[in-house]
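First to last, the sequence lines map onto chains A and B.
Under this note's numbering, the first residue of the first sequence carries the number 5, and numbering increases by one thereafter.
Under this note's numbering, the first residue of the second sequence carries the number -6, and numbering increases by one thereafter.
Built from N, CA and C at the ideal position, the CB exists for glycine as well.
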Amino acid sequence: MAKEKKAKRKPGACIPWEEKLKELPEISGDEELVKRVWEDIDALGYMYIWQCLLSF
Amino acid sequence: MAQDMEQLYGERLKRYVTAMRNEKPDMIPIRPFVAEFTAKYAGYTCQEVTHDFQKAFAAARKCAADFDWDAVVGNMVYVWTGLTQAIGTKYYAVPGIDIPPDTGFQYLEPPEEKAFMKADEYDQLIEDPTGFLFNVWLPRISADVSAMDEPTSMRNNLSFLKGGMAMLNYFTAFGTQNELLRKESGTVSAISGILKAPFDIIADKLRGYLGLITDVMERPEKVLAACEALMPHLTHVALSGADPDKNVPIGLWMHRGCVPFFSQKHFEKFYWPTLKPIVEEIWAHGHQVLFYAEGDWNAHLNAFAELPDGSIVYHVDQADIFEAHKAIGEKFCISGGIPNFLLSYGTEEEVRECCKKVIDGVAGDGGYIMDASAIVQNDGKVENIKAMTDFTREYGVY
């Protein structure tokens, strides 16, 4: 698993939160909530492409 | 009635899990991987069960209700071609469209020069596997998705919209299907989650078998680095679909990484070093992996024996099941070993004799699951599947 560090995108992510955060204005509310929801939905995009490769 | 089914489900789950842990249950569990056979039995064409997954689900449930099986897959005709058509996937021959309606769907491997990944693209895959799949691979395997240098289109946008919603719909429906199997017939859903070896997936979907043969000779370090780059992703996908109760295994579909498709040296250099750590990682999370060893993998039994005791269930297709049992039966549960040609062309008596021979040779101490050698398609005879089932129930009591 040593090669994982070199991956541009971590497993489970298409557009990492750190990248998305740079596009947003300063978050006045609950940043953790925004992060969690972003990552949960982003994971669906990840599932889509990897399931296309593996299952279909 | 519902309570009886729940009791039956509990007994079957215990039987199935006990065998998979390489222990001795009350009787030999039966877990046939029946695909297009279910269509034949339920009165559907291959087109119907491949293109309309609700009919595939109904066919699987009918078989589960009529045969005394402990566990089945909710839909072993797994590739729903309604979904692949929505995505625009090029590499399937669809029953009723590309091939006759009563022929099972086919995977079409492109010629070497039209492989979905080019020989000089390894670095892109290694650098960013997910980005490569979205930006390079998907536009090539889909008739609708635009390449990065092409203008977008309605067909491009619809491919993602329809494909994404259809996939979610399909996966969600499996939850309902598994509940219905439990309530209607007390049948266990046999597997949960998917894994393929990095080396296999490069051959299957990226470089093609012929392309990978060239690559292991001309750019072996790139191949190894690509396998390593895929490892964390394949581990993540496998674990994300695993059974939260840790009862049933993740399915590993083993294709062309073995002798004679590749040499022993290539297996040792590429296939095994990049699969073994994935299986160990999955086992560290408490999940077994079902090695569905399609073809003959007996040349590699010593490698598989390196895995922790009980970490896998080993399914035997065309290999010598007695040799496999001798080599790894102390460590792992074995399944399969009833040849498909016998189930298609043999007599009921021949099927019973074969089952007896396998049970006598492999199942004595537990740790065996009755199944055909390979996935049963619509050439399997109903009376032979019934003979396999009934004989195992009569003879396979401990």
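query: Contact with chain B by Trp54(A), beta-carbon distance below 8 Å; result: yes
query: Length of the line joining the Cα atoms of Glu221(B) and Asn295(B); result: 22 Å
query: Contacting residues, own chain, Cβ-Cβ under 8 Å from Tyr392(B) (five flanking each side not counted); result: What is shown of chain B runs -6 to 391, which leaves residue 392(B) out entirely.
query: Residue interval of the beta strand (DSSP E) (run including Met247(B)); result: Ile243 to Met247
query: Whether Val65(B) touches Leu174(B) by CB criterion (8 Å); result: yes
query: Exposure label - Gln257(B); buried when at least 16 CB within 10 Å; result: exposed
query: Closer than 8 Å at the beta carbon, the chain A residues around Ile80(B); result: Cys56 and Phe60
query: Arg13(A): contacting residues in chain B (beta-carbon distance under 7 Å); result: Asp121, Thr123 and Gly124
query: Cβ of His280(B) within 8 Å of any chain D Cβ; result: The structure shown contains no chain D; its protein chains are A and B.
query: Local conformation of Tyr50(A) per DSSP, three classes; result: helix
query: Residues near Gly16(A) by beta carbon distance below 7 Å, same chain, minus five either side; result: Ala47 and Tyr50
query: Assigned exposure category for Tyr71(B) - 16 Cβ within 10 Å defines buried; result: buried
query: Host alpha helix (DSSP H) of Cys3(A) (start-end); result: In this structure chain A extends from 5 to 60, so residue 3(A) is not present and cannot be described.
query: Euclidean distance between Cα positions of Trp276(B) and Asp116(B); result: 30 Å
query: Collapsed DSSP secondary structure at Leu203(B) in the structure displayed; result: helix
query: 7 Å Cβ shell around Gln370(B) - same chain, five flanking residues per side excluded; result: Ala28, Glu29, Phe30 and Gly97
query: Bridge-paired residues (DSSP) for Ala317(B); result: The partner list for Ala317(B) (beta bridge, DSSP) is empty, contrary to what the question assumes.
query: Segment limits, beta strand (DSSP E) that includes Tyr307(B); result: Ile305 to Val309
query: CB of Val344(B) within 8 Å of CB of Asn377(B), strictly; result: yes
query: Nonlocal neighbours in the same chain, by C-beta distance under 6 Å from Ala35(B), ignoring five residues either side; result: Ala52 and Lys55
query: C-alpha distance - Lys14(A) paired with Ile45(A), whole-angstrom precision; result: 15 Å
query: Met403(B) (DSSP reduced to helix, strand or coil); result: Because chain B in this structure spans residues -6 to 391, residue 403(B) falls outside the shown range and cannot be described.
query: Within chain A, partners of Met160(B) - CB distance below 7 Å; result: Tyr52 and Gln55
query: Assigned exposure category for Tyr338(B) - 16 Cβ within 10 Å defines buried; result: exposed
query: Candidates Ala312(B), Trp290(B), Phe263(B) and Leu232(B): closest to Glu273(B) by CA position; result: Leu232(B)
query: Assigned exposure category for Phe334(B) - 16 Cβ within 10 Å defines buried; result: exposed
query: Rounded C-alpha distance that separates Val391(B) from Phe164(B); result: A quick correction: the sequence has Tyr, not Val, at residue 391(B). Cα-Cα distance, rounded: 37 Å.
query: Neighbouring residues, chain A, relative to Gly244(B) (Cβ below 7 Å); result: Neighbours of Gly244(B) on chain A: none; closest Cβ ~10 Å, over 7 Å.
query: Residues from the region 41 to 71 of chain B in contact with chain A, defined by Cβ distance under 9 Å; result: Tyr71
query: Buried versus exposed, by CB contacts within 10 Å (16 or more), Ala58(B); result: exposed
query: Segment contact, 8 Å Cβ cut-off, at least three pairs: the region 138 to 154 of chain B with the region 193 to 208 of chain B; result: no
query: For Pro253(B), three-class secondary structure by DSSP; result: coil
query: Range covered by the beta strand (DSSP E) that runs through Tyr285(B); result: Val282 to Ala286
query: Beta carbon proximity, Gly75(B) to chain A, threshold 8 Å; result: no
query: Where Gly16(A) meets chain B, residues with beta-carbon distance less than 8 Å; result: His229 and Ser233
query: Residues near Met160(B) by beta carbon distance below 8 Å, same chain, minus five either side; result: Leu76
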